[in-house]
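S.K.: Position one of the sequence shown corresponds to residue 2 (this note's numbering), numbered consecutively onward. Backbone N, C-alpha and C fix where the C-beta goes; we use that ideal spot for every residue, glycine too. Note that the structure is predicted; figures quoted are calculated from it, not measured.
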Amino acid sequence: MGYTFDIEIHDTKAPLVVDLELDPYKTQTLTGCIVFDLDKAMNFSVARVSIIGQVGVVVNPDTPDQETAHESLLDAHQAEVDLVAANDSNGDGKLAMEAGRQYLPFRIDVRRAGSLPPTLVNKLDTPFIDWQYHLVVAVKRDSIFSSTQTIQRELIMRRQIAPVRRCDFISAATDKPRKFRSRFTIPSMIVLGQSALFAKVELKARDKGYLIREVDCSLIQTENIAYETRRGHPIKNAYCKIEASRIVSPLRTIVNDKNDMDFGRNTPLTFPLPIDNHSLLPTERGLGWLDISHKVEFKVHFMDVNLPPVKAEMPLFVGHNPDQYFNVVETEETPAAATEGEVDPTTAAVGVATPALEDMTDKNTEEVEVGTDGVMITMEEVATVSQLPLQVQIAA
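#1: Run through DSSP, which three-state label would T348 get?
#2: Measuring only the C-alpha atoms, how far is A97 from Y134?
#3: With H, G and I counted as helix, E and B as strand and the rest as coil, what does DSSP make of V140?
#4: On the three-state DSSP scale, how would you describe K259?
#5: Alpha carbon to alpha carbon, how far is E203 from K209?
#6: In terms of alpha-carbon separation, which member of S280, A239 and E215 lies closest to M262?
#7: Is A163 near the ligand MG, judged by its Cβ being under 8 angstroms from some heavy atom?
#8: To the nearest angstrom, how far is the alpha carbon of P164 from that of I187?
#9: Less than 9 angstroms between the beta carbons of Q195 and N278, yes or no?
#10: Check whether the Cβ of K300 lies closer than 9 angstroms to any Cβ atom in chain B.
#11: Once DSSP output is grouped into helix, strand and coil, what is the label at V18?
#12: Answer with buried or exposed for H11, where buried requires no fewer than 16 other C-beta atoms within 10 angstroms of its C-beta.
#13: With DSSP collapsed to three states, give me the class of L84.
#14: Quick one: any contact between the segment 52-60 and the segment 109-129, if contact means 3 or more CB pairs under 8 angstroms?
#15: Where does G115 fall in DSSP's three states?
#16: Measuring alpha carbon to alpha carbon, tell me which of P309, V59, F107 and R286 ends up nearest P119.
#17: Between the Cα of S147 and the Cα atoms of D126, V59, F45 and K95, which residue gives the shortest distance?
#18: Whose C-alpha, out of K312, P25 and L39, is nearest the C-alpha of S183?
#19: Give the secondary structure of T5 by DSSP, where H, G and I count as helix, E and B as strand, and everything else as coil.
#20: Comparing alpha-carbon positions, which option in I157, P178, A200 and R142 lies nearest D169?
#21: Between the alpha carbons of S73 and P128, how many angstroms are there, rounded?
#22: To the nearest angstrom, report how far apart T268 and I276 are at their CA atoms.
#23: Report the CB separation of V82 from T69 in whole angstroms; it is logged as a contact under 8 angstroms.
#24: Per DSSP, what are the beta-bridge partners of D110 in this structure?
#25: Taking the alpha-carbon positions, what's the F303 to V122 distance?
#26: What does the alpha-carbon distance come out to for the pair D40 and Q103?
#27: Just how far apart, CA to CA, sit R207 and T271?
#28: In chain order, which continuous runs of the beta strand (DSSP E) of length 3 or greater are located wholly inside the segment 39-79?
#29: Using the Cβ count rule (16 or more neighbours within 10 Å means buried), how would you classify N307?
#30: Just to confirm the assignment: which complete beta strand (DSSP E) runs, minimum length 3, are found wholly within the segment 159-207?
#31: Would you kindly work out how many angstroms separate the C-alpha atoms of S18 and L288, rounded to a whole number?
#32: Our contact map puts H71 next to V192 with C-beta atoms below 8 angstroms; I'd like the distance itself, whole angstroms only.
#33: Quick one: Cα of M315 to Cα of D126, how far?
#34: Could you check what DSSP says for V249 in three-state terms: helix, strand or coil?
#35: Please report the Cβ distance between L317 and L252, rounded to the nearest whole angstrom; I am assuming they are in contact, meaning their Cβ atoms lie under 8 angstroms.
#36: Identify which residue in V56, D89 and P65 has its Cα closest to the Cα of D76.
In C-alpha cells:
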C-alpha cells in the first residue's frame with residue numbers, strides 16, 4: 002500500500018477517553034491527529050474523521066420474530082470533519098503529503114454531549130440493549146485503482162456527575178424505646194476502583210428479648226432503562242424497558258458469637274465491605290431513559306426468630322475520579338488485614354482516602370431517623386431506591 006496511518010487523541014487523560022460535558026447545549030471539542038507513515042510523497046482524495054455512536058435494541062427476544070433495531074446516537078453532520086476540504090490550499094480537491102512521518106491534525110465538535118449516554122454497557126446486566134462509540138478515520142489515495150482504507154478505535158465516553166449533596170457521612174438510626182437502638186454510618190461517596198466501603202454499626206440491646214444474632218450488610222446497584230428508538234428504521238416504536246437490581250458486594254455478615262448483650266454498644270462495629278469493581282457502575286442520572294443508583298442495606302437479625310429484622314437503607318454516590326470527590330492519598334502498600342472492630346477507615350482503602358468514621362456527630366453528617374414503628378424515613382435530599390426484581394419488557 003505504501004503507507005500506514007493511525008489515530009492520536011490530544012485532550013484525554015487516557016487513550017480515547019472523553020469526559021462528556023453535562024450541559025446538553027454546550028459544544029464539546031475533541032482534538033487529535035492522523036499519523037501517516039509514507040514511503041513516498043502521495044496525494045489523498047479522501048481524509049475523513051467521524052465519531053460514530055450506535056444503539057441496538059433487541060425486539061421480540063427468544064421468538065422467531067427476534068431482531069435488533071439500530072439507530073445512531075449522533076447525526077453524521079454532527080460529528081464528522083472532511084480534512085481534504087479543510088487542508089486543500091490549491092483548490093483541486095487533493096491533500097498533498099510528503100514522504101516520511103506526517104501529522105494531520107483534526108478537531109471534531111460533539112454538539113449536545115450532555116445528552117449522550119456514557120460507555121458502560123459492557124457492564125450492564127442485560128443483553129437486550131447495547132450502545133457503543135467509535136472514532137473512525139477513512140483515507141483514500143488519489144488514484145483510480147485505490148480503495149478507501151478505514152480504521153476505528155473504541156471511544157470511551159464518561160459523564161462526570163456531581164453528587165446531589167456533598168457530605169462526609171450518612172447515618173441512619175432506629176429506636177425501639179426500652180428494647181433496641183441502632184445507628185449505621187457510611188461514607189456518602191465512593192469511587193470506581195475503591196477496594197472497600199467502610200461501615201460503622203452501633204447497637205444497643207436493652208431487652209433480652211431483642212438479643213442480636215447477626216448483622217448483614219450489602220451494596221445494591223439498581224439499573225433502570227426505558228429506552229425508545231427515535232429515528233427511522235424498519236421496526237417502528239421499538240422500546241426497551243428494564244428494571245433490575247443486583248448486589249455488587251459480597252454479603253457481609255457479622256455474628257454475635259458470644260451472645261453479648263453489649264454487642265456493638267461499648268465498641269462500635271467498624272468493618273470493610275468489599276466492592277465488586279467488575280460489576281460496579283458509576284451513578285448515572287439526568288438522561289431520562291437511563292438511571293443507575295446505589296444503596297447500602299443493613300439488616301439486624303435477632304435471636305428470637307419471631308422478631309422481624311430491623312432494616313436500614315442509605316443512598317450511596319459512585320463517581321469516576323477520586324480527585325473530584327476526595328482528597329486522594331496514594332498509599333505505597335496495602336495495609337495488613339485487621340480484625341473486626343479494629344479497621345482504620347482512613348487508611349485501609351488502597352489508593353483512596355475514604356472519610357474517617359470517628360466522629361458520627363460531624364457537621365456534614367446527614368441523619369435519617371426511624372420511628373418507633375421501625376419504618377425507614379427517606380432523606381428528602383437524596384431519594385432511596387427500593388430493590389427491584391428483574392423485569393424485562395421488550396416490544397415493537
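M.R.: Walking through what the data contain:
#1: Confidence at T348 is low in this model, with a pLDDT of 34, below 50, so its placement is unreliable and the value that follows should be read with caution. It is coil, neither helix nor strand.
#2: Between A97 and Y134, the alpha-carbon positions lie close to 30 angstroms from each other.
#3: Of the three classes helix, strand and coil, the one that applies to V140 here is strand, per DSSP.
#4: Coil at K259, not helix or strand.
#5: Near 17 angstroms, if we compare the C-alpha coordinates of K209 and E203.
#6: Ranking S280, A239 and E215 by Cα distance to M262 puts E215 first.
#7: With respect to small molecules bound, the structure shown includes none, and the ligand MG cannot be examined in it.
#8: So the alpha carbons of these two residues sit roughly 15 angstroms apart.
#9: A contact, by the Cβ cut-off of 9 angstroms.
#10: Checking the listed chains, one finds no chain B in this structure; it contains a single protein chain.
#11: Looking at V18 - three-state DSSP - the assignment turns out to be strand.
#12: Of the other Cβ atoms in all chains shown, fewer than 16 fall within 10 Å of the Cβ of H11; this residue is therefore exposed.
#13: Helix, per DSSP.
#14: Short answer: they touch.
#15: Of the three classes helix, strand and coil, the one that applies to G115 here is helix, per DSSP.
#16: Ranking the options by Cα distance to P119, first place goes to R286.
#17: Checking every option, the nearest Cα to that of S147 belongs to F45.
#18: Relative to S183, the option among K312, P25 and L39 whose CA is nearest is K312.
#19: Strand at T5.
#20: Closest by alpha carbon: A200.
#21: In this structure, the alpha-carbon of S73 lies about 19 angstroms from that of P128.
#22: If you take the alpha carbons of T268 and I276, they lie about 25 angstroms apart.
#23: The Cβ separation is near 29 angstroms, so there is no contact.
#24: The partner list for D110 (beta bridge, DSSP) reads T30.
#25: Between F303 and V122, the alpha-carbon positions lie close to 40 angstroms from each other.
#26: Cα to Cα, D40 sits roughly 11 angstroms from Q103.
#27: Put simply, the backbone Cα of R207 is about 21 angstroms away from that of T271.
#28: You should have 43-60 and 68-73.
#29: Exposed, by the Cβ-count rule.
#30: Listed in chain order, the complete beta strand (DSSP E) runs (minimum 3 residues) inside the segment 159-207 are 170-177, 181-188, 190-192 and 197-206.
#31: Reading off the sequence shown, one finds Val at residue 18, where the question assumed Ser. If I take the Cα positions, the gap works out to 20 angstroms.
#32: Contact flag wrong, Cβ pair sits at about 33 angstroms.
#33: For M315 and D126, the distance between alpha carbons rounds to 23 angstroms.
#34: Reduced to three states, the DSSP call for V249 is coil.
#35: No, L317 and L252 are not in contact; Cβ-Cβ is about 16 angstroms, not under 8 angstroms.
#36: Taking only the C-alpha atoms, the option nearest D76 is V56.
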